[in-house]
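If you count by my numbering, then the sequence shown holds residues 2 to 494, one letter each, in order. All residues carry an ideal CB built from backbone N, CA and C; glycine is no exception.
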Amino acid sequence: MERLQKECEGKMKKSDIGLIGLAVMGENLVMNMESKGFTVSVYNRTAERVMKFIEGRAKGRNVRGAFSLEEFVSQLDRPRKIMMMVKAGKAVDEMIESLIPLLENGDVIIDGGNSHFPDTIRRTANVESRGLLYIGTGVSGGEEGALKGPSLMPGGSIAAWDHVKPIFQAICAKVDGAPCCEWVGENGAGHFVKMVHNGIEYGDMQLICESYHLMRDVLEMTADEMSNVFEDWNQGELDSYLIEITHNILAYKDTDGTPILDKILDTAGQKGTGKWTSVSALDEGVPLTLISEAVFARFLSAVKDERISAAKFFPKMQKIFKADRQAFVAEIKKALYAAKIISYAQGYSLMRAAAKTYKWNLNYGDIALIWRGGCIIRSRFLGKIKEAFEADPDLTNLILDPYFRNTIEMLVPAWRNVCCEAISHGVPIPTMSAALAYFDGYTSEWLPANLIQAQRDYFGAHTYERLDAPPGTFFHTNWTGEGGDTYSGAYNA
């Protein structure tokens with residue numbers, strides 16, 4: 002080991018960046034960085050993994066291994082740039098505390114894991130208070146993206162951006178020559194945007210699953226027929242990574258020649274980022290209905306034994322679809338596209354609300370550009386979102402943009418018909434129907450919330466506002482004649 006270290010030291014200059022954590026994502030990011038001309042130092046708590054990497058995949062490359070944090074830090078050029086690819090949570094805090102005593106003013110610590118944004122806000126303040134710089138960056142694209150070009154969403158200490166920008170924009174995905182990486186905002190903004198990305202990913206996946214369910218159970222299409230449909234959809238406005246892989250998945254055969262998808266257990270897993278998105282929406286008071294329903298759909302899928310038992314008592318009605326099958330497939334496509342627009346509209350509304358809360362200066366057009374390549378939700382559709390926010394940076398809701406407004410208007414009839422057919426056939430479409438309910442609610446001049454306020458005032462004296470009085474003037478009615486004039490001051494409770 003000592004001989005190998007000396008050989009490395011003799012051949013290499015100071016490293017441009019260091020990376021801690023040699024799991025699949027970490028290794029692939031290192032190979033990506035090195036392929037773009039950067040010298041990289043690597044460290045892992047398990048020395049054997051470092052040795053295996055530098056004598057294996059990284060052999061002969063400008064990659065040097067370190068077997069202690071002290072050695073690792075000594076190999077880096079100033080200001081030192083250290084990227085952590087370790088498990089979110091306690092491990093990140095422990096690594097930061099181990100690094101800080103070894104670093105000097107102006108050095109940069111980068112967290113590339115899926116950390117929860119409040120942790121990144123806290124860590125940025127802690128690291129900056131000790132004279133260092135901190136970045137929390139979303140990294141999307143999985144193993145392939147890390148190796149060939151991910152989508153990167155950095156936020157944190159703005160002074161750190163110039164130090165890492167050449168590296169990040171060299172290794173990220175490119176669309177029409179533009180890098181899928183731009184500075185997102187202060188402290189936890191990068192990880193917040195990545196969290197919303199993951200929430201939208203949940204929504205996109207569930208919408209595709211509902212489309213698959215409709216074709217499978219209402220139209221009784223074969224896997225090959227459905228694969229051909231998704232392949233066709235991927236040539237138009239639905240062109241995206243998730244539509245593309247769905248086509249591939251449906252076409253994939255097991256060793257016996259039957260579709261492997263039919264043999265996969267119908268219970269979905271998750272890592273929690275979708276739930277974080279929903280919780281943040283509740284905190285911000287944003288109706289993130291589609292993404293929340295996508296999270297709940299995964300929860301429901303997980304109670305497989307309960308579903309099997311319940312299905313025995315409530316057998317599905319056998320109903321034959323008598324309309325034009327091809328025409329209905331076209332309507333499913335339109336419903337999917339309409340609901341997808343709503344999903345992104347809700348996600349952007351959440352980012353806008355959080356930006357006000359945390360005083361982030363988010364560029365919504367740039368965020369769409371960041372997501373156009375490298376990441377899981379990459380799609381042609383994102384170019385239209387960028388155009389919408391370029392035309393109106395203060396756009397309050399995506400569906401008010403002329404392109405999306407006109408598009409949804411054309412899609413609504415098919416969208417409604419698909420939801421009606423799904424309900425009549427007993428096929429659950431929680432995200433597609435939630436999106437329609439949101440659209441109908443958001444575009445309603447009047448909603449029955451006046452009755453809710455009357456109910457709240459009746460049982461809790463929470464007061465209400467009147468249409469015939471100035472805004473901000475609150476009233477209480479003694480509904481029973483026994484309540485008196487005392488009322489609550491918590492109108493928004």
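Enumerated in chain order, which unbroken segments of the alpha helix (DSSP H) with a length of 4 residues or greater are wholly contained in the stretch 143-198?
143-149 and 162-172
For residue 110, the residue or residues it bridges with in DSSP:
83 and 135
In whole angstroms, give me the CA-to-CA distance for residue 365 and residue 486.
48 angstroms
Hey, which unbroken runs of the beta strand (DSSP E) at 3 residues or more fall wholly within the stretch 191-276?
none
Enumerate in chain order the residues of its own chain whose CB-to-CB distance from residue 303 is below 6 angstroms, with the five nearest sequence positions on each side excluded.
268
Under 6 angstroms Cβ to Cβ from residue 299, same chain only, skipping five residues before and after it: list those, please.
269 and 271
Where residue 253 falls, given that 16 or more other Cβ within 10 Å makes a residue buried
exposed
Taking DSSP as the reference, what is the three-state secondary structure of residue 466?
strand
In chain order, what residues of the same chain lie with their CB nearer than 6 angstroms to the CB of residue 294, ignoring the 5 residues before and after it?
431, 432 and 435
What does a CB cutoff of less than 7 angstroms around residue 332 pick up in its chain, not counting 5 residues either side in sequence?
415, 418 and 419
So who's on the other strand from residue 496, going by DSSP bridges?
Because residue 496 is not part of the residues shown, which for the chain are 2 to 494, the question remains open.
Less than 7 angstroms between C-beta atoms, sequence neighbours within five positions excluded: which residues of the same chain meet that for residue 389?
Only residues of its own chain outside the window of five on either side were considered, and among them 396, 399, 402, 404 and 405 have a CB closer than 7 angstroms to the CB of residue 389, listed in chain order.
Does the distance from the CB of residue 381 to the CB of residue 238 come in under 9 angstroms?
At the C-beta level, residue 381 and residue 238 come within 9 angstroms of one another.
Less than 8 angstroms between C-beta atoms, sequence neighbours within five positions excluded: which residues of the same chain meet that for residue 327?
none
Should residue 10 be labelled buried (16 or more other beta-carbon atoms within 10 Å of its own) or exposed?
Bear in mind that a pLDDT of 49 at residue 10, under 50, signals an unreliable position, so the model cannot answer this.
Looking at the structure shown, is residue 344 part of a helix, part of a strand, or coil, going by DSSP?
Collapsing the DSSP output to three states places residue 344 in a helix.
Restricting to Cα atoms, I'd like to know which of 185, 177 and 67 is closest to residue 118.
Taking each of 185, 177 and 67 in turn and checking the Cα distance to residue 118, the smallest one comes out for 185.
Helix, strand or coil for residue 1 per DSSP?
Residue 1 lies beyond the range of the chain shown here (2 to 494); nothing can be said about it.
Could you work out which residue in 148, 59 and 216 is closest to residue 174 when comparing CA atoms only?
148
Taking its Cβ as the centre, do 16 or more other Cβ atoms sit within 10 Å of residue 193, making it buried, or is it exposed?
buried
Alpha-carbon to alpha-carbon, residue 259 and residue 538:
Absent from the model: residue 538. The displayed extent of the chain is 2 to 494, so no value can be given.
Distance check for residue 211 and residue 301, CA to CA, integer angstroms please.
One C-alpha to the other measures close to 14 angstroms.
Assign residue 29 to one of two classes, buried (16 or more other C-beta atoms within 10 Å of its C-beta) or exposed (fewer than that).
buried
Kindly indicate which three-state DSSP category residue 380 falls into: helix, strand or coil?
strand
Suppose the cutoff is 8 angstroms on Cβ atoms and the five residues either side in sequence are ignored; what does the same chain contact list for residue 363 look like?
Hits under 8 angstroms: 185, 186, 190, 194, 352, 353 and 356.
Taking its Cβ as the centre, do 16 or more other Cβ atoms sit within 10 Å of residue 337, making it buried, or is it exposed?
buried
Check the DSSP bridge columns for residue 77 and list the partner residues they point to.
16
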